[in-house]
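Q: Got a structure here, written out as structure tokens. Questions coming.
There are 2 protein chains.
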Amino acid sequence: MPVGTAGAVKALTAADLEECGVEIVLANTYHLYLRPGPELVRRQGGLASFTGWHKPTLTDSGGYQVFSLKEISRISDDGVEFQSHLDGSRHLFTPENVIDIQHAIGPDIIMAFDQCVPYPSDEKAAAEGVRRTHEWAKRCRARHDELMQVSGGAAVPSLFGIVQGSTYKELRTQSARQIMALDFPGYAIGGLSVGESKKEMEDTLAHTIELLPPDRPRYLMGVGYPEDILMAASYGVDMFDCVLPTRNARTGSVFTSGGPLVYRNAECADDSRPLDPNCDCKVCRRYSRAYLRHLYNQSEITGMVLATYHSIYFYQKLMRDLRAAIEAGRLDEFRRAFMTRYNQQSS
Amino acid sequence: MPVGTAGAVKALTAADLEECGVEIVLANTYHLYLRPGPELVRRQGGLASFTGWHKPTLTDSGGYQVFSLKEISRISDDGVEFQSHLDGSRHLFTPENVIDIQHAIGPDIIMAFDQCVPYPSDEKAAAEGVRRTHEWAKRCRARHDELMQVSGGAAVPSLFGIVQGSTYKELRTQSARQIMALDFPGYAIGGLSVGESKKEMEDTLAHTIELLPPDRPRYLMGVGYPEDILMAASYGVDMFDCVLPTRNARTGSVFTSGGPLVYRNAECADDSRPLDPNCDCKVCRRYSRAYLRHLYNQSEITGMVLATYHSIYFYQKLMRDLRAAIEAGRLDEFRRAFMTRYNQQSS
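Chains A and B, in that order, are what the protein sequence lines are.
Letter by letter, the first sequence follows residues 632 to 978 in this note's numbering.
Letter by letter, the second sequence follows residues 632 to 978 in this note's numbering.
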């Protein structure tokens, strides 16, 4: 899922996303709550109608964002008090109102309000996060069920649960069992890709995903690099979201079949090759590295558009190829071939 | 001509321009000279190849830009010494090297190096500008002819002459005769839309265009608003360029059939109508004012892309409709009908 924080994948239009083959976009509840506000989105017909993106959407719970504001927030069992990064105004997120907000925004998938502890956290803090995540998940589930009943079938979102527990396997087991007992239609693995090593991430993921039902979508939040996605998919992860392709594109680096390319670098100044000679996207068919580097140096919006388009196209093609490989029973082969080519380029 | 200052119409791709029906794009010699440099553009195959825009292009002479840096430039008969706005480095533009630079950049139409005097200028300063513009035009013509001959037919640009003279009709007459004596394939009227009143612009234009040959393109530089374009077309102007549709779009205002719409305004916050209900562009078919205003408030690049696309589409449709009206001998009728609708909306 490309990330469309405030209801737009930065620099791209809905038509661009469709061309790239994007099937679902993530939006951030925290940002949409502050601006333009959930009730405005509801009045404008919900997220799809408001943003012009009519394929599936998912909102996160806002938890990850408010915890990243930890210096100006207060956490209690009731919820999280925080100050807006925009104007310093005070707000409270509770499991209940986060569900209300997401129902107002109206995506297809909504997420339970969880407590994501920072990395590293000691076992006591991680256990407290697991306990709170469980309590909050129960309250989210209850509120969601209530809203679904009240709406009489008009409300459509599926509520996914989130497993926490930092890198402690016993806590991950406990969290998974608690969350699964609430019977969600999909499960996310939260609290990874927050600073731990690649080995810790893989070990924790491998342990956690085994506990989750393979017949429901399993979503690894905030991941990641192509190599992380391939690793996680090999354990059975079905869904991912990450800002990397969009954020890096805007700051001068794109993903290519030969590895990351820092197109802002001087070595691209006179390079007439496309960003990725193996890519058939409309950017690679038309523009050179020299032009993209020039646009970067000029801070031209057009450059951010083109670079972002390429990287989103690249990620979507990776996901399509990955799905085809899984269906053909050739995931390991595909992963090896992809990584061999990907590691060739040093720039 | 939409303005693609540094080789890109800000926020749009070449495909966007094609979709909007754009037939020719202007680029600024001053900017491309400083970055990425004319020799790099030449090595990358010239402007079309470098920018991916394969339809016609025009470069201005850089004169207008360096004169706007007047505090840090020195003007003599030799040329203009100026400091880069990027790094303060010192440079010299002469009639000869401006032609060399434009040949290296390689557009389809290039412009003579002229002296555009500020508004207001007294008659003596304006006359000095006319004299210098004539001297420089002769040198540009000579240098251009030399390069065309040396290239043996490989160089393609047409060199247009520029008429100056501020708002002094006698000076305009003198300048037009001097420039026409050099027999250019097209003529531009420079030195307007620089601060004079609409009436002064119209009077000066009406006087000047009568002097220019109707069988060659007549180009009014830096104009303008839709009403200015319709006025100037009624006198016979064939070509225009202006940053208004792109610049205003990025700062929260678009052009519509009902007049300018300041979509950043609070009154658009909950408005589900398209920017222009009479427009069939892909932005108006998909997005609301509410969404565009939200994206503006969030400083989302996507919002700048969408607003710019609409305004360029609007201007191109205006030009298509205008051409059709001229061919049908109904220019006055078209102008009246357009302006009646255009003046209806107050926002």
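Think of the CB as a built atom: it goes at the ideal place given N, C-alpha and C, for glycine as much as any other residue.
Values in this document were obtained by computation on a predicted structure and should not be read as measured data.
Name, please, each residue of chain A whose Cβ falls closer than 8 Å to the Cβ of B:Met-632.
A: The residue given as residue 632 of chain B occupies position 1 in the second sequence. Near B:Met-632 there are no residues of chain A at all, since even the closest Cβ is about 17 Å away, more than 8 Å.
Q: By the criterion of Cβ-Cβ separation under 7 Å, what are the contact partners of B:Thr-660 in chain A?
A: On the second sequence, position 29 is the one that residue 660 of chain B refers to. By Cβ distance, chain A contributes nothing, its closest Cβ being about 15 Å from B:Thr-660, past 7 Å.
Q: Answer with buried or exposed for B:Asp-859, where buried requires no fewer than 16 other C-beta atoms within 10 angstroms of its C-beta.
A: The residue labelled residue 859 of chain B in the question sits at position 228 within the second sequence. By the neighbour-count rule (16 or more Cβ atoms within 10 Å), B:Asp-859 is buried.
Q: Quick one: using the 10 Å Cβ neighbour count with 16 as the cut-off for buried, is B:Asn-659 buried or exposed?
A: Taking the second sequence and counting its residues from 1, one reaches residue 659 of chain B at position 28. Buried is the call here.
Q: Suppose contacts are defined by Cβ-Cβ distances below 7 Å. Is B:Trp-767 in contact with B:Pro-726 by that definition?
A: On the second sequence, residue 767 of chain B is found 136 positions in, with the first residue counted as 1. On the second sequence, residue 726 of chain B is found 95 positions in, with the first residue counted as 1. Yes, they are a contact pair.
Q: Kindly indicate if chain B contains any beta-carbon less than 7 Å away from that of A:Glu-931.
A: Against the first sequence, residue 931 of chain A aligns to sequence position 300. Yes, its Cβ sits closer than 7 Å to a Cβ of chain B.
Q: Verify whether the separation of the beta carbon atoms of B:Cys-651 and B:Ile-943 is less than 7 Å.
A: Here residue 651 of chain B corresponds to residue number 20 of the second sequence, with the count starting at 1. Here residue 943 of chain B corresponds to residue number 312 of the second sequence, with the count starting at 1. Cβ distance < 7 Å, so B:Cys-651 and B:Ile-943 count as in contact.
Q: Anyone know if the C-beta pair for B:Arg-803 and B:Gly-796 falls short of 7 Å?
A: Along the second sequence, one-based indexing puts residue 803 of chain B at 172. Along the second sequence, one-based indexing puts residue 796 of chain B at 165. Cβ atoms of B:Arg-803 and B:Gly-796: closer than 7 Å.
Q: Select from B:Thr-939, B:Leu-836, B:Val-825 the residue whose C-alpha is nearest the C-alpha of B:Ala-631.
A: Because chain B here runs from 632 to 978, residue 631 of chain B falls outside it and cannot be looked at.
Q: Closest Cβ-Cβ distance between B:Gly-683 and chain A: below 7 Å?
A: For the purposes of this step, residue 683 of chain B is identified with residue 52 of the second sequence, where counting begins at 1. For B:Gly-683, the answer is yes, since a Cβ of chain A falls inside 7 Å of its Cβ.
Q: Roughly how many whole angstroms lie between the Cα atoms of B:Ala-785 and B:Thr-882?
A: As a working mapping, residue 785 of chain B is identified with position 154 in the second sequence. As a working mapping, residue 882 of chain B is identified with position 251 in the second sequence. Taking the straight line joining both Cα atoms gives about 42 Å.
Q: Flag B:Cys-651 as yes if its beta-carbon sits less than 7 Å from any beta-carbon of chain A, otherwise no.
A: In the second sequence, the residue the question calls residue 651 of chain B occupies position 20. Not closer than 7 Å to any Cβ of chain A, the Cβ of B:Cys-651 fails to qualify, so no.
Q: Could you tell me whether the Cβ of B:Lys-641 comes closer than 7 Å to any Cβ of chain A?
A: As a position in the second sequence, residue 641 of chain B is number 10, starting the count at 1. So yes, B:Lys-641 belongs to the interface.
Q: Does the distance from the C-beta atom of A:Asp-902 to that of A:Thr-887 stay below 7 Å?
A: Taking the first residue of the first sequence as position 1, residue 902 of chain A is located at position 271. Taking the first residue of the first sequence as position 1, residue 887 of chain A is located at position 256. Going by C-beta atoms, A:Asp-902 is not nearer than 7 Å to A:Thr-887.
Q: Would you list, in chain order, the members of the stretch 880-895 of chain A that have their beta-carbon closer than 7 Å to a beta-carbon of chain B?
A: Of all residues in the stretch 880-895 of chain A, none has a Cβ within less than 7 Å of some Cβ in chain B.
Q: Quick check: B:Arg-895 and B:Tyr-940, are their CB atoms within less than 7 Å of each other?
A: Numbered from its first residue, the second sequence carries residue 895 of chain B at position 264. Numbered from its first residue, the second sequence carries residue 940 of chain B at position 309. No, these two residues do not count as a Cβ contact at 7 Å.
Q: Determine whether the Cβ of B:His-925 lies closer than 7 Å to any Cβ atom of chain A.
A: Indexing the second sequence from 1 puts residue 925 of chain B at position 294. Yes, B:His-925 lies at the interface with chain A (some Cβ there is under 7 Å from its Cβ).
Q: For the ligand HEM, any of its heavy atoms closer than 6 Å to the Cβ of B:Glu-833?
A: As far as ligands go, the structure on display features none, and thus does not contain the ligand HEM.
Q: Leaving aside the five residues before and after B:Glu-964 along the sequence, list all residues of the same chain whose C-beta is less than 8 Å from its C-beta, in chain order.
A: Counted from its first residue, the second sequence places residue 964 of chain B at position 333. For B:Glu-964, where only same-chain residues beyond five positions count, the Cβ hits under 8 Å are Ala-956.
Q: Spatial neighbours of A:Ile-810 within its chain, please: C-beta separation below 6 Å, excluding the five flanking residues on both sides.
A: As a first step, residue 810 of chain A is located in the first sequence; it is residue number 179 there, counting from the start. So the qualifying residues of the chain are Ala-768, Gly-792, Val-794.
Q: Taking all protein chains shown into account, decide if B:Val-640 is buried (16 or more other Cβ within 10 angstroms of its Cβ) or exposed.
A: Within the second sequence, the letter at position 9 stands for residue 640 of chain B. Buried, since its Cβ has 16 or more Cβ neighbours within 10 Å.
Q: Does any residue of chain A have a CB that is nearer than 7 Å to the CB of B:Met-935?
A: Within the second sequence, the letter at position 304 stands for residue 935 of chain B. For B:Met-935, the answer is yes, since a Cβ of chain A falls inside 7 Å of its Cβ.
Q: Taking the straight line between their C-alpha atoms, what separation do you get for A:Leu-953 and B:Val-781?
A: Residue numbering aside, residue 953 of chain A sits at position 322 when the first sequence is read from its first letter. Residue numbering aside, residue 781 of chain B sits at position 150 when the second sequence is read from its first letter. Their backbone Cα atoms lie some 56 Å apart in a straight line.
Q: In three-state terms, what does DSSP make of B:Pro-751?
A: For the purposes of this step, residue 751 of chain B is taken as the residue at position 120 of the second sequence. Coil, per DSSP.
Q: To the nearest angstrom, how far is the alpha carbon of A:Phe-681 from that of B:Gly-683?
A: Stepping through the first sequence from its first residue, residue 681 of chain A is reached at position 50. Stepping through the second sequence from its first residue, residue 683 of chain B is reached at position 52. Rounded to the nearest angstrom, the two C-alpha atoms are 33 Å apart.
Q: Are B:Val-868 and B:Arg-847 closer than 7 Å when you measure CB to CB?
A: The residue given as residue 868 of chain B occupies position 237 in the second sequence. The residue given as residue 847 of chain B occupies position 216 in the second sequence. In this structure, B:Arg-847 does not lie closer than 7 Å to B:Val-868 by Cβ.
Q: Which of the three DSSP states is assigned to B:Glu-833 in this structure?
A: Stepping through the second sequence from its first residue, residue 833 of chain B is reached at position 202. Residue state, collapsed to three classes: helix.
Q: Going along chain A in order, which residues have a C-beta closer than 8 Å to the C-beta of B:Asp-901?
A: The residue you call residue 901 of chain B lines up with position 270 of the second sequence. Correct list: Leu-671, Arg-674, Gln-675.
Q: Of all the CB atoms in chain B, is at least one closer than 7 Å to the CB of A:Ala-938?
A: The residue given as residue 938 of chain A occupies position 307 in the first sequence. Answer no: the Cβ-Cβ gap between A:Ala-938 and chain B never drops below 7 Å.
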